[in-house]
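Just below is one structure, and these are the notes that go with it.
Structure follows, in structure tokens:
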């Protein structure tokens with residue numbers, strides 16, 4: 001029954017009962033007798049109580065919908081109110097669900113296009129850094145070597161310093177190119193790419209430990225090995241690990257970091273755990289929201305929170321086998 005008819009029939013029933021009582025056993029005299037005033041007051045109080053009770057029940061779905069709309073986050077799907085209550089309420093909640101589905105689909109589609117364009121741009125920049133800047137610095141190194149061979153002894157040290165600076169710049173360019181587009185991910189797979197990522201951690205005072213469970217070693221063609229991750233899923237896992245390690249280097253002030261990749265039953269889990277100062281009550285930054293967007297692209301679950309039982313932060317990415325991107 002619709003909310004209109006519920007309220008209308010309730011008020012009509014109470015008015016009919018009040019009229020019958022006034023025409024029957026309950027009468028009002030002039031002046032009003034105490035018993036008559038008590039009966040009318042009790043009847044009025046009962047009518048108000050019943051009306052408030054019915055309205056509270058009827059409008060409860062609207063309150064749930066209001067709270068759900070206030071806390072809705074397209075990066076954290078789920079927690080939708082049930083489409084219950086009067087017909088108008090159920091229709092309104094159903095319309096909200098449809099709108100939310102459309103918004104999540106549109107956001108996922110636009111995010112996928114943006115991230116795909118971002119990866120293409122990273123690949124282009126990495127290629128230009130490697131081919132253009134890298135080759136230019138290599139040529140400069142060769143020229144400096146020829147100059148050093150013909151330079152008098154008192155100037156050779158300065159040329160050597162220039163060589164070392166150029167060589168350091170070349171190494172940095174190559175490192176940036178690998179971070180922009182990790183060739184090891186395409187050539188050797190996710191496990192090797194994560195190990196290389198941990199080895200290149202920018203803060204040398206932080207010890208990074210890598211643990212891999214349930215994945216075959218590179219080059220292992222065991223037919224009984226578990227299903228492998230698809231390219232898109234591997235790229236998402238790699239980028240989440242990369243962003244998590246970047247956040248540790250920038251904000252955590254940690255001394256130990258654990259990068260763990262494991263297969264558990266029907267899912268794959270990536271964990272990045274540090275012993276730093278933790279996230280506290282700080283709002284999520286662009287890096288964490290970027291990780292959430294990537295996780296949603298493959299239907300994965302991302303949890304970022306305090307480390308269990310100790311100080312620090314834990315980033316958990318959970319990818320189920322039925323998620324997009326996992327192939328046999």
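Numbering (full-length UniProt numbering), first residue to last: 1 to 328. Cβ coordinates follow ideal geometry from the N, Cα and C atoms, glycine included.
Best match in the options for proximity to residue i [C-alpha to C-alpha]
i, options, result
"residue 243", "96, 39, 80 and 314", "314"
"residue 75", "299, 209, 316 and 211", "299"
"residue 305", "274, 296 and 297", "274"
"residue 67", "55, 82, 175 and 53", "82"
"residue 310", "206, 135 and 280", "280"
"residue 112", "308, 312, 292 and 307", "292"
Rounded C-alpha distance that separates residue i from residue j
i, j, result
"residue 12", "residue 96", "32 Å"
"residue 110", "residue 48", "52 Å"
"residue 123", "residue 181", "5 Å"
"residue 185", "residue 245", "17 Å"
"residue 119", "residue 232", "11 Å"
"residue 177", "residue 138", "15 Å"
"residue 133", "residue 165", "15 Å"
"residue 249", "residue 80", "37 Å"
"residue 89", "residue 61", "7 Å"
"residue 7", "residue 107", "40 Å"
"residue 282", "residue 129", "36 Å"
"residue 171", "residue 285", "30 Å"
"residue 102", "residue 17", "49 Å"
"residue 31", "residue 84", "50 Å"
Span of the beta strand (DSSP E), counted from its first residue to its last, around residue i
i, result
"residue 200", "Where residue 200 is concerned, there is no enclosing beta strand (DSSP E), given that its DSSP letter is neither H nor E."
"residue 320", "313-320"
"residue 256", "256-264"
Proximity of residue i and residue j at Cβ, strictly below 8 Å
i, j, result
"residue 271", "residue 253", "no"
"residue 194", "residue 241", "yes"
"residue 198", "residue 208", "yes"
"residue 65", "residue 92", "yes"
"residue 320", "residue 267", "yes"
"residue 255", "residue 206", "yes"
Nonlocal neighbours in the same chain, by C-beta distance under 8 Å from residue i, ignoring five residues either side
i, result
"residue 190", "215, 229, 234, 237, 238 and 261"
"residue 163", "141, 144, 145 and 148"
"residue 179", "200 and 242"
"residue 161", "none"
N-terminal and C-terminal residue of the alpha helix (DSSP H) that residue i is part of
i, result
"residue 287", "286-297"
"residue 136", "134-150"
"residue 93", "87-128"
"residue 305", "Residue 305 -> not in any alpha helix (DSSP H); beta strand (DSSP E) instead, spanning 301-306."
"residue 173", "153-180"
Cutoff 6 Å; reference residue i; Cβ partners in own chain excluding five residues on either side
i, result
"residue 301", "318"
"residue 303", "316"
"residue 212", "191 and 261"
Close-in-space but distant-in-sequence residues of the same chain around residue i (CB under 7 Å, 5 per side omitted)
i, result
"residue 35", "none"
"residue 173", "129, 133, 134 and 137"
"residue 159", "144, 147, 148 and 151"
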